[in-house]
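Peer 1: Quick one: the structure is below, questions incoming.
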């Protein structure tokens, strides 16, 4: 396993979910630090706009990361266009709002596919190329709700908790191959998350203060350089993570009270 700071300049990255939010910001930040980045998302026009906004060439491939055939094509294209792969940043994701008992089974399947299965299987496909890379790294964009759940986000919480477990497993399994694994537990962050819910409506409280995606991206890039294994960017997220570790029952009681109060008032319960 290499020691010292990991060099980003010259490294070859795949970044998913790059049409907006943290995915886009990470792609820009990696490019700013000298990486060669191939970006992907479903909206090709957004990827073209991203490519025009950076000073260096940024190849892109539009498609659905939940499609197994597309994942294979993405890895093959990145390996060909970049000459190899040194890093994968799995930033694509989505959510749903509602009581678990009220949501359809296909909603559960969709969220698990988008937030867990797709990044996991992308890494599986990429690993034969990645292990031959230069000081390679895998970056999973997780959530503080993978540390401790909140109500009305059962599918999302389950997927992010599974992603955290997978990150820990891969970190150990791939250590001998020299592949680093970074898990990013994001809290409230500026993105289009609430505007692209699979099911449910954006709650009023979600319009509060959130960490800029660019701030999260800088923290992620620095964590890659410093060989961190897990980070929780932002004071709001770190506060929740501390409460999840030392006062989980307090979170549960507060969430239950809020859920009861908002149910009477007809509002949505919060999530980070």
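Residue numbers (my numbering): 17 to 288.
All C-beta atoms, glycine included, are put in the ideal place defined by N, C-alpha and C.
1) Starting from residue 56 and walking both ways along the alpha helix (DSSP H), at which residues does that stretch end?
2) Using a Cβ distance threshold of 8 Å, determine whether the segment 25 to 41 contacts the segment 102 to 121, with at least three qualifying pairs required.
3) I'd like the span of the alpha helix (DSSP H) that includes residue 97, first residue to last.
4) Cβ atoms of residue 197 and residue 186: under 7 Å apart, would you say?
5) How about residue 264 and residue 169: are their beta carbons less than 7 Å apart?
6) Grouping DSSP H, G and I as helix and E and B as strand, with all else coil, what is residue 28?
7) For residue 32, is the classification buried or exposed, using 16 other Cβ atoms within 10 angstroms of its Cβ as the cut-off for buried?
8) Short check: CB of residue 146 to CB of residue 101, under 7 Å?
9) Counting Cβ pairs closer than 8 Å, one from the segment 123 to 130 and one from the segment 46 to 56, do we hit at least three?
10) Pull up the distance between the alpha-carbon of residue 29 and that of residue 103, whole angstroms please.
11) May I have a chain-ordered list of the alpha helix (DSSP H) segments no shorter than 4 residues that lie completely inside the segment 130 to 212?
12) Pick helix, strand or coil for residue 284, following the three-state DSSP scheme.
13) Are the beta-carbon atoms belonging to residue 139 and residue 157 less than 7 Å from one another?
14) Give the single residue among 134, 111, 242 whose Cα lies nearest to the Cα of residue 216.
15) If you check the beta carbons only, do residue 176 and residue 161 fall under 7 Å apart?
Peer 2: For this structure:
1) Where residue 56 is concerned, there is no enclosing alpha helix (DSSP H), although the beta strand (DSSP E) around it starts and stops at 52 to 57.
2) yes
3) 84 to 98
4) Yes.
5) no
6) Residue 28 sits in a strand when the DSSP states are folded into three classes.
7) buried
8) yes
9) no
10) Using only the alpha carbons, I get a separation of about 5 Å.
11) 134 to 146, 170 to 189
12) In this prediction, residue 284 has a pLDDT of 46, which is less than 50 and means its spatial position is unreliable; nothing more can be read from the coordinates.
13) no
14) Across the set 134, 111, 242, the C-alpha of 111 shows the shortest separation from the C-alpha of residue 216.
15) yes
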